[in-house]
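Colleague:
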Amino acid sequence: MKDMGKVMKEYGKIDISELAMRFQHPLIRRSITDYMPSGYQAYAFLVSYATVTSGNGDIPKGGSLAMAMRIADKYRELGGILHTNSDVWRIILNEKKASGILLRDGTEITADYIICACDTDYTFRSLLPDGYMPKQLKKQYEQRKKYPVNSGFQIAYAVDGQFPALTGTRIFSCEEFEVDNHKVNHMSIQSYDYEPDFTPDGKIHILDVWTPMTYTRYCNSYQGAYMSFVNTKHAKSITTPGIIKGLDNVMLASQWLMGPGGLPTAAAMGKFAAWRIIQKEGK
């Protein structure tokens, strides 16, 4: 990360559309503008590509679900207990500390520390009074044009046969249509034939359909977003510390603490939360 300052300085003042216009060939332009939603700073595009091409990033074996299950298994192995299908109603506060959490069914669970790893909008809208929201987060929620969010409509389906020409990601033009005042003129197809468990024998059928509302129902996601705030060229990049002023033992560990969010950011913030606990415990 030592050279990131130079990259951000040079490519943080333009967005991906402006980066694309530096190239003459329309296909190269489309390969840039179709890769991620418009508005992202150009360096986000470059870092994303560089992470994979350098070998520093890859796709987890078995996909995201399998990876999540491996994390859960490791957590249990270390003595952790998972309460599934147990909505958290709120965090129980006692002056400057939290004593535990209250589940929706009325069950109270005591704890020495509380780490809020969920959507930060839900954290400060439901679990804690909104007055505890860090000023960095509050600024991003209030300045919607400078810090927009994105979502999407997706369909997963199984298809018989092998199609070498359709491996990886393919983006194609389509007849223009409108979704919530946004004009759409292209779609993308992602092939998962690289993962054996994803391509079992069977007939053509739809596996799943998900929309912005799906992310909200399953993850309490702010406006159905699957990533955090977009860092635009008109806004200063903001990183929110995982601490909550006024509460000594409640911490944040969420993708929303640093743009553009996603799994790597969430993992890093979880690690930082663990470090803070270790430091507080003097270990």
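Read in order, the letters of the sequence shown are residues 0 to 282 in numbering that gives the first Met the number 0. A virtual CB, placed ideally from N, CA and C, is assigned to each residue, including glycine.
(1) How long is the line joining the alpha carbons of A49 and M257, rounded to whole angstroms?
(2) Buried or exposed for N337, please, with buried defined as at least 16 other CB atoms from any protein chain shown within 10 angstroms of its CB.
(3) Kindly indicate the opening and closing residues of the beta strand (DSSP E) around Q172.
(4) Of the residues S150, Q189 and K182, which one's Cα is nearest the Cα of M226?
(5) Measuring alpha carbon to alpha carbon, tell me which of D33, P59 and D196 ends up nearest D14.
(6) Determine whether the beta carbon atoms of A97 and I113 lie at a separation below 8 Å.
(7) In this structure, how does DSSP classify Q142 when only helix, strand and coil are distinguished?
(8) Using a 10 Å radius around the Cβ and a threshold of 16 neighbouring Cβ atoms, would you call I277 buried or exposed?
(9) In the DSSP output, which residue or residues are listed as bridge partners for H181?
(10) With a threshold of 16 other CB atoms inside 10 Å of the CB of I203, please say whether the residue is buried or exposed.
(11) Considering only the beta carbon of each residue, do Y39 and M7 sit closer than 8 Å?
Modeller: Quick look at the numbers:
(1) For A49 and M257, the distance between alpha carbons rounds to 19 Å.
(2) Not covered by the structure: residue 337. The range shown for the chain is 0 to 282.
(3) Reading the sequence as shown, one finds Ser at residue 172 and not Gln. Boundaries of the beta strand (DSSP E) around S172: T168 to V178.
(4) Of the candidates S150, Q189 and K182, the one whose C-alpha sits nearest the C-alpha of M226 is S150.
(5) D33
(6) yes
(7) coil
(8) exposed
(9) V178
(10) exposed
(11) no
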